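Colleague: Under full-length UniProt numbering, residues 1 to 394 are what the sequence shown spells out, in order.
Have a look at this one before I ask anything.
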Amino acid sequence: MEKQPFQLQTKLLHNTQKVDPITGAVSVPLNRTSTYHQFDFDNYGKYDYSRSGNPTRDSLEQVIAELDGGYKGFAFASGMAAISTALMILSKGDHLLISEDVYGGTYRFVTKVLPRFGVDHTFVDMTQLENVAANIQDNTKVIYIETPSNPLMKIADIQGIAKLAKENDCLTFVDNTFMTPILQKPLELGADVVLYSATKFISGHSDCIAGLAVAGNKELAEQIYFLQNTIGAVLGPDDSWLVLRGLKTLYVRMAQSSRSAQQIAEFLSNHPAVKEVYYPGLNNHPGWAVHRAQSHGPGAVLSFSLTDEQAVRSFTQHAEITVFSVSLGAVESILSYPAKMSHAAMPKEEREKRGITDGLLRLSVGLENPDDIIKDFEAALHAAGRSSEIEIGG
Ligand SMILES: *Cc1c(COP(=O)(O)O)cnc(C)c1O
């Protein structure tokens, strides 16, 4: 009887990098070296220089490719390094179709850097396939999706968009940072390239900045490798090692944090001081069914809105457990304020047009006991409600 392939939970530990073939070490050896002695100038060894290849980085690249079911993985110095390097496959005259409430740094790269190289773009609401179809141009080369999107958790149909892309000779890129391969596997849904800020859930401990890309086929892998080696924004061996360590617990962290996020989302949606909750695990979320069909869970990030900036100020001053900062996907819960943090690069009109108001907060749920967070939020919401009443009253 043929053995079934391992499930992802098992693959995080039992993959090709499980044991070092030379020493038997069960933790991938840290290879801190910039260059490699060549024993024979007619026959170079596998490695020559660490920008071009490093065994520790290779191990990470191999593991992420296995997890995503891709042809080859690439590790970069940050999520933005992965995203901008991958987007450099575009050339002058090409057009990029991109989710409208995309990550702020990606927005900056697409609006401020790519146009200088003659690469044009259109932002679209990708929740409707017709919208995507209507905005594909003759020169569209890449359709770039973030789903759930940041910070409004809008859902795009990856399979539907990838099909449209293929029919129009475009590539589909997916920023899968919020989901990780544990919850969503874009390549299986027809995407061509998957991108990650590994700073977030994949490494998971708020202790390094890293990015990953996975190419779905050989041709794309060759293009991305060429750009990775040329631009040189590679991940160092120490950080590659940290990301590899973080990956081992990814499944349990995602499972626990997602369960807590569901509980917190339900609490918030029943609270009178909360105007709206954006979480694809709530069955009144407009993308609930599409998300459910294409993923294994709603994940650990949710957003919610209070009345205004004053209420946000009061809430954040009173919430004691959460770290108040940019970033997400860590063992500790992180509360952030998109208008002034992740989306500060976006002009106010653009932000508001996209629904990223001054009352919006984003929560990335960590590994605390969710009951403690709910109690803490209950008190903070009470204070926020009082501060708004005082404003209205006087
Ligand atoms: C953080 C983030 C990025 C950027 O990653 P860095 O590691 O900070 O460069 C890109 N996309 C999403 C969805 C993110 O959350």
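We treat Cβ as the ideally placed atom computed from N, Cα and C, and that holds for glycine.
Source: prediction; values computed, not measured.
Taking its Cβ as the centre, do 16 or more other Cβ atoms sit within 10 Å of S52, making it buried, or is it exposed?
Modeller: By the 10 Å Cβ count, S52 comes out exposed.
Colleague: One question on the structure: do L302 and M126 come within less than 9 Å of each other, judged by their Cβ atoms?
Modeller: No.
Colleague: Quick check on DSSP: helix, strand or coil for I392?
Modeller: Its pLDDT being 47, under 50, I392 is placed unreliably by the model, and nothing is read from it.
Colleague: To the nearest angstrom, how far is the alpha carbon of E378 from that of L250?
Modeller: One C-alpha to the other measures close to 29 Å.
Colleague: Kindly list the residues whose CB is nearer than 6 Å to the CB of Y103, restricted to its own chain and excluding five residues on each side of it in sequence; keep chain order.
Modeller: N150.
Colleague: Which residue comes first and which comes last in the beta strand (DSSP E) that contains F178?
Modeller: Where F178 is concerned, there is no enclosing beta strand (DSSP E), given that its DSSP letter is neither H nor E.
Colleague: Whose C-beta lies closer than 8 Å to the C-beta of N168 among residues of the same chain, with five residues either side of it excluded?
Modeller: The answer, listed in chain order, is I136 and T140.
Colleague: Nearest by alpha-carbon distance to L171: which of P181, M179, V194 and T177 is it?
Modeller: Here the closest residue by C-alpha is V194.
Colleague: Any heavy atom of ligand 1 closer than 8 Å to the Cβ of Y107?
Modeller: Answer for Y107: no, Cβ out of range of ligand 1.
Colleague: When the Cα atoms are used, what is the spatial distance from P280 to G287?
Modeller: So the two alpha carbons sit approximately 6 Å from each other.
Colleague: Hey, would you say the C-beta of A210 is under 8 Å away from at least one heavy atom of ligand 1?
Modeller: Result yes, Cβ under 8 Å from ligand 1.
Colleague: Would you mind working out which of F39, K18 and G69 sits nearest P29, comparing C-alpha positions?
Modeller: When each option's Cα is compared against that of P29, the closest is K18.
Colleague: Using three-state DSSP, classify I334 as helix, strand or coil.
Modeller: It is a strand residue.
Colleague: What would DSSP say about S99, mapped onto helix, strand or coil?
Modeller: Three-state DSSP puts S99 in a strand.
Colleague: If distances are taken between C-alpha atoms only, which option among A156, E100, S84 and F123 comes closest to H285?
Modeller: H285 has its Cα closest to that of A156, out of A156, E100, S84 and F123.
Colleague: Measuring from the CB of M80, is there a heavy atom of ligand 1 at a distance below 8 Å?
Modeller: Yes - ligand 1 has a heavy atom lying nearer than 8 Å to the Cβ of M80.
Colleague: For L227, count the other beta carbons within 10 Å of its own beta carbon; 16 or more makes it buried, fewer makes it exposed. Which is it?
Modeller: Per the 10 Å Cβ criterion, buried.
Colleague: So which of N43, Y49 and K11 has the shortest CA-CA distance to R32?
Modeller: Nearest C-alpha to R32: Y49.
Colleague: Taking only the alpha-carbon atoms, compute the straight-line gap between A345 and P272 and give it to the nearest angstrom.
Modeller: In a straight line, the C-alpha of A345 is about 31 Å away from that of P272.
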